[in-house]
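Colleague: Please read through the structure below; I'll follow up with questions.
Numbering (my numbering), first residue to last: 10 to 515.
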């Protein structure tokens, strides 16, 4: 009896071509091997940028893809922000989970996939290559398969440039591999990991984040070029050559050469009758150009990371509270990126592995999932607040560790605040603490004691010069010990009162 080979089909029921397992699809396209980037970012203008984006919407993605690659290569700020976004997922632990109500076979499939990922050396590189779709809108990784015994495993994950692909003429959301005949070929199932990243809604040609970033990029380029011209023109003095009337063209050329060489070599010779003078260039400012560059960088950071305070601090608006809020925005982006990545890995890598090695009729809807454990941001809990609530609800109070206070004021305050819960109301405790503060803590006494040598120096009748000398001599004698103790007590008391009021209020 002859055993019939099982025909493998994709999720749409179309048969899988087994030759894609033997040889990558792109190896059959000779034109792709000699395809080089054209670097459209050179002499980029707003008009040229608009033309490139319009061509991409009509199906020709090459210029847009090359431009996006150039942008990351030439703009250090853009590159750094994109790398933060991409590499953030590498720090997140993950696990492979079976489907709900999994059978023993499905649980075994999940364990088998988890073992494969653990042993896969290029796993991190695959994640980075897939997340190239954040900027481009899509990222296609070609799988190079190899057979080990009776099992098929990826030998390599080859990231293919976005310029290798074009849009189908009858479907703006279908990517085709560019071919020698110019018609394009659909990507073969099991041969590609096709990651589409929705940075925003729309067709694939307009879904990339770098389309939004291209406008700040071109504006910054103009600002940088103008700043370079400003520094070149106004950064050196003007060199003016003067010649007497009646000289010929040859003498004029000699003077011009001398003026030019003076700026380059800081030396030259001219006839005695001629003269060279240097004039300071008119004052100008670089601030408008720097403001434009700063605006472009902040716009890029907002688009990529959702804010600017996780990138740079200007000392004006960079408060800790705003930084925490912006970091939570980054958390939302991380959750979205991991969710989209997990969907692609499940459909384009995990399911083919199961079909080829476990069960040819594996249901794609029951494929195990990869779950990235993105930590949820948590607000810091007030110190001691949870314990106070537990004691008020009847839980036994834990013994308070003994602590010694050098200041009598703090000791009195602690005695006023550490009463049984419910013995007095909140306001009474605060009033007692304030009484202890005002009666015992007198920073003015410490200040007067510290300044006593300086006051003594000022008591004499001295002229201005002698007075400064006396103060300089008195400065090493100033003893801030008492003032430091009083100020430290004041800060500690204020903190204790605040914690007490917060706990009692809860």
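Beta carbons are placed, not taken as given, at the ideal position from N, Cα and C, and that holds for glycine.
Going along the chain, which unbroken runs of the beta strand (DSSP E) with 3 or more residues stay wholly within the segment 174-239?
Modeller: 174-177, 180-186, 201-205
Colleague: Under a Cβ-count criterion, where at least 16 other Cβ atoms within 10 Å of its own Cβ denotes burial, should residue 158 be classed as buried or exposed?
Modeller: exposed
Colleague: Closest to residue 131 by C-alpha separation, out of 371, 150, 207, 222, would be which residue?
Modeller: Scanning 371, 150, 207, 222 for the CA closest to the CA of residue 131 turns up 150.
Colleague: Taking the C-alpha atoms as reference points, what is the distance between residue 148 and residue 265?
Modeller: 56 Å
Colleague: Beta-carbon within less than 6 Å of residue 122's beta-carbon, same chain only, minus the 5 sequence neighbours each way: which residues are those?
Modeller: Within the same chain, residue 122 has close Cβ partners 105, 359, 377.
Colleague: From the DSSP output, in three-state form, read off residue 107 for me.
Modeller: coil
Colleague: Tell me whether residue 300 is buried or exposed, calling it buried when 16 or more other Cβ atoms sit within 10 Å of its Cβ.
Modeller: exposed
Colleague: If contacts are defined as beta-carbon pairs under 8 Å, then residue 223 and residue 342 qualify, I think. What distance do you get, rounded to the angstrom?
Modeller: No, residue 223 and residue 342 are not in contact; Cβ-Cβ is about 20 Å, not under 8 Å.
Colleague: According to DSSP, what are the bridge partners of residue 157?
Modeller: 160
Colleague: Using the three-state DSSP reduction, which class does residue 261 fall into: helix, strand or coil?
Modeller: helix
Colleague: Output the boundary residues of the alpha helix (DSSP H) element that contains residue 95.
Modeller: Judged by DSSP secondary structure, residue 95 falls within the alpha helix (DSSP H) whose first and last residues are 85-96.
Colleague: How is the alpha helix (DSSP H) around residue 126 delimited, first residue to last?
Modeller: 113-128
Colleague: Beta-carbon within less than 7 Å of residue 102's beta-carbon, same chain only, minus the 5 sequence neighbours each way: which residues are those?
Modeller: 382
Colleague: If you follow the beta strand (DSSP E) that residue 379 is part of, which residue opens it and which one closes it?
Modeller: 378-381
Colleague: Quick one, are the C-beta atoms of residue 171 and residue 74 less than 8 Å apart?
Modeller: Taking 8 Å as the Cβ cut-off, residue 171 and residue 74 qualify as a contacting pair.
Colleague: Whole angstroms are fine: how far does the CA of residue 107 sit from the CA of residue 119?
Modeller: 5 Å
Colleague: Less than 7 Å between C-beta atoms, sequence neighbours within five positions excluded: which residues of the same chain meet that for residue 344?
Modeller: 383
Colleague: Hey, how far is the Cα of residue 161 from the Cα of residue 155?
Modeller: 6 Å
Colleague: Give the range of the alpha helix (DSSP H) segment to which residue 66 is assigned.
Modeller: 55-66
Colleague: Suppose you measure from the CA of residue 117 to the CA of residue 33; what does that come to, to the nearest Å?
Modeller: Each residue's Cα considered, the two are about 30 Å apart.
Colleague: Residues in the same chain with beta-carbon distance under 8 Å from residue 261, minus the five sequence neighbours each way, listed in chain order, please.
Modeller: 252
Colleague: Can you list, in chain order, the residues of its chain whose CB lies under 7 Å from that of residue 194, leaving out five sequence neighbours each side?
Modeller: Non-local beta-carbon contacts of residue 194 in its own chain, meaning distances under 7 Å to residues more than five positions away in sequence, involve 185, 186, 188 in chain order.
Colleague: For residue 392, which three-state DSSP category applies?
Modeller: Residue placement at residue 392 cannot be trusted, given a pLDDT of 44 that sits under 50; what the coordinates show is reported in the next sentence. Coil at residue 392, not helix or strand.
Colleague: Since residue 363 is in the alpha helix (DSSP H), which residue starts that stretch and which ends it?
Modeller: 360-366
Colleague: Identify every residue that forms a DSSP beta bridge with residue 167.
Modeller: 151
Colleague: Judging by CA-CA distance, which residue of 201, 501, 218, 217 is the nearest neighbour of residue 353?
Modeller: 201
Colleague: Taking the straight line between their C-alpha atoms, what separation do you get for residue 146 and residue 219?
Modeller: 8 Å
Colleague: Confirm, please, whether the CB-CB distance from residue 47 to residue 214 is below 8 Å.
Modeller: Contact: no.
Colleague: With distances taken from CA atoms, which of 365, 355, 311 is nearest residue 339?
Modeller: 311
Colleague: Ordered along the chain, which non-local residues of its own chain (more than five positions away) have a Cβ less than 7 Å from that of residue 347?
Modeller: By the criterion of a C-beta distance shorter than 7 Å, residue 347 is surrounded in its chain by 98, 101, 381, 383, once the five residues flanking it on both sides are discounted.
Colleague: Would DSSP call residue 249 helix, strand or coil?
Modeller: strand
Colleague: Distance check for residue 379 and residue 164, CA to CA, integer angstroms please.
Modeller: 21 Å
Colleague: Please name the residue in 313, 374, 366, 363 whose C-alpha comes closest to that of residue 144.
Modeller: 313
Colleague: Following the continuous alpha helix (DSSP H) through residue 133, name the residue where it begins and the one where it ends.
Modeller: 132-139
Colleague: Reducing DSSP to helix, strand and coil, say where residue 80 ends up.
Modeller: Residue 80 falls in the helix class under three-state DSSP.
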